[in-house]
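Engineer:
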Amino acid sequence: DAGVTQSPTHLIKTRGQQVTLRCSPKSGHDTVSWYQQALGQGPQFIFQYYEEEERQRGNFPDRFSGHQFPNYSSELNVNALLLGDSALYLCASSLVPLISSYEQYFGPGTRLTVT
Amino acid sequence: TQLLEQSPQFLSIQEGENLTVYCNSSSVFSSLQWYRQEPGEGPVLLVTVVTGGEVKKLKRLTFQFGDARKDSSLHITAAQPGDTGLYLCAGSSNTGNQFYFGTGTSLTVIP
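These protein sequences, in sequence, are chains W and V.
If you read the first sequence in this note's numbering, its first letter stands for residue 1, the second for the next number, and so on.
If you read the second sequence in this note's numbering, its first letter stands for residue 116, the second for the next number, and so on.
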């Protein structure tokens with residue numbers, strides 16, 4: 001049973017460039033969430049995708065956008081990169097449940113460095 | 116705005132000691148998760164608590180959800196060096212479409 005996978009593992013970009021990060025959810029999961037984690041801090045929610053639509057969004061500018069494909073995989077795009085965008089980007093997958101408890105499983109993350 | 120505050124932020128203890136990490140909020144959550152994260156990796160789910168007052172045990176780890184579902188604690192008995200890591204709590208909204216993470220507790224267990 002494959003877990004959540006992310007690519008690439010590491011990425012170095014220059015200010016002003018654009019980046020695309022990719023995520024494949026855990027087998028059987030249909031919901032993908034993206035998080036940004038700065039060094040030494042807890043993850044901050046960016047947005048969540050379900051049924052190929054953005055279902056919820058955190059406090060991030062429009063430079064951050066995403067997409068979900070019919071096979072439930074997802075992409076995170078960041079335009080006009082800033083130095084402050086340097087972080088570990090985490091993807092988490094979950095299954096819209098029939099009961100009230102919600103669990104999500106994380107991938108290993110993509111370490112983005114903006115120079 | 117950080118909805119979940121964890122304490123302490125940093126903790127360094129000797130092997131064999133006990134410790135408790137707290138996760139507090141003024142908001143009510145439908146469920147709360149605890150994760151452990153090692154450097155350069157994604158958080159790994161340890162437990163999910165759903166019912167107010169619920170207590171779950173995972174070997175030497177004991178998790179409790181507050182009666183009002185606003186806070187939680189993680190107690191580790193006889194800590195071992197393998198317990199070293201960043202411990203994160205996360206609460207989910209009633210609709211389950213957003214998780215709010217705590218500030219994290221960095222634990223170091225010294226052999």
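Just so it is clear, CB atoms sit at the ideal spot from N, CA and C, and this is done for glycine as well.
Going along the segment 134-150 of chain V in order, which residues come within less than 9 Å of chain W, judged by CB to CB distance?
Structural biologist: Hits within the stretch, in order: Ser145, Ser146, Gln148, Tyr150.
Engineer: Using the C-alpha atoms, what's the distance from Tyr150 of chain V back to Phe287 of chain V?
Structural biologist: Residue numbering for chain V in the displayed model covers 116 to 226; residue 287 of chain V lies beyond these limits and cannot be assessed.
Engineer: Please classify Ile46 of chain W as buried or exposed, where buried requires at least 16 neighbouring CB atoms within 10 angstroms.
Structural biologist: The count along the first sequence starts at 1 and reaches residue 46 of chain W at position 46. Buried.
Engineer: Which residue spans inside the segment 30-85 of chain W form an unbroken beta strand (DSSP E) run of at least 3?
Structural biologist: 31-37, 44-50, 53-57, 64-68, 74-78, all fully within the segment 30-85 of chain W.
Engineer: Using DSSP bridges, identify the partner residues of Asn139 of chain V.
Structural biologist: Within the second sequence, residue 139 of chain V is the residue found at index 24, counting from 1. Beta-bridge pairing links Asn139 of chain V to V:Glu120, V:Asp186.
Engineer: Helix, strand or coil, according to DSSP, for Gly197 of chain V in the structure here?
Structural biologist: Within the second sequence, numbered from 1, the residue matching residue 197 of chain V stands at position 82. Looking at Gly197 of chain V - three-state DSSP - the assignment turns out to be helix.
Engineer: Is Phe214 of chain V near the ligand GTP, judged by its Cβ being under 7 Å from some heavy atom?
Structural biologist: Ligands in the displayed structure: none, and consequently the ligand GTP is not present.
Engineer: Does the distance from the CB of Gln148 of chain V to the CB of Leu160 of chain V come in under 8 Å?
Structural biologist: The residue you call residue 148 of chain V lines up with position 33 of the second sequence. The residue you call residue 160 of chain V lines up with position 45 of the second sequence. Cβ atoms of Gln148 of chain V and Leu160 of chain V: closer than 8 Å.
Engineer: Please list, in chain order, the chain A residues whose beta carbon lies closer than 8 Å to that of Glu156 of chain V.
Structural biologist: You won't find chain A in this structure, because its protein chains are W and V.
Engineer: Tell me where the beta strand (DSSP E) around Leu176 of chain V begins and ends.
Structural biologist: Here residue 176 of chain V refers to the residue found at position 61 when the second sequence is read from its first residue. Residues 176-180.
Engineer: Ordered along the chain, which non-local residues of its own chain (more than five positions away) have a Cβ less than 7 Å from that of Gly200 of chain V?
Structural biologist: Numbered from its first residue, the second sequence carries residue 200 of chain V at position 85. Within the same chain, Gly200 of chain V has close Cβ partners Arg151, Gln152, Glu153, Leu222.
Engineer: Which residue's Cα is closest to the Cα of Ser207 of chain V: W:His29, W:Ala2, W:Ser33?
Structural biologist: In the second sequence, the residue the question calls residue 207 of chain V occupies position 92. Ranking the options by Cα distance to Ser207 of chain V, first place goes to W:Ser33.
Engineer: Which residue from W:Leu95, W:Ser86, W:Thr9, W:Ser27 puts its Cα closest to that of Gln37 of chain W?
Structural biologist: Against the first sequence, residue 37 of chain W aligns to sequence position 37. Measuring from the Cα of Gln37 of chain W, the nearest candidate turns out to be W:Ser86.
Engineer: Run through the DSSP bridge pairs and tell me what Phe144 of chain V is partnered with.
Structural biologist: Residue mapping note: residue 144 of chain V aligns to position 29 of the second sequence, counting from 1. Answer by DSSP bridge pairing: none, since Phe144 of chain V is not bridged.
Engineer: Taking 8 Å as the threshold, find out whether the segment 4-15 of chain W comes into contact with the segment 56-67 of chain W through three or more Cβ pairs.
Structural biologist: As far as the Cβ criterion goes, the segment 4-15 of chain W does not touch the segment 56-67 of chain W, which means the pair count is below three.
Engineer: So for Ala87 of chain W, helix, strand or coil by DSSP?
Structural biologist: Here residue 87 of chain W refers to the residue found at position 87 when the first sequence is read from its first residue. Strand.
Engineer: Would Lys26 of chain W pass as a contact of Tyr105 of chain W if the rule is Cβ separation under 8 Å?
Structural biologist: One-based indexing of the first sequence puts residue 26 of chain W at position 26. One-based indexing of the first sequence puts residue 105 of chain W at position 105. Yes, the Cβ-Cβ distance between Lys26 of chain W and Tyr105 of chain W is below 8 Å.
Engineer: Can you find a C-beta in chain V that's less than 8 Å from the C-beta of Pro25 of chain W?
Structural biologist: For the purposes of this step, residue 25 of chain W is taken as residue 25 along the first sequence, with counting starting at 1. Output row for Pro25 of chain W: interface = no.
Engineer: Taking only the alpha-carbon atoms, compute the straight-line gap between Asn139 of chain V and Gly16 of chain W and give it to the nearest angstrom.
Structural biologist: As a first step, residue 139 of chain V is located in the second sequence; it is residue number 24 there, counting from the start. As a first step, residue 16 of chain W is located in the first sequence; it is residue number 16 there, counting from the start. Rounded to whole angstroms, Asn139 of chain V to Gly16 of chain W spans 38 Å at the Cα level.
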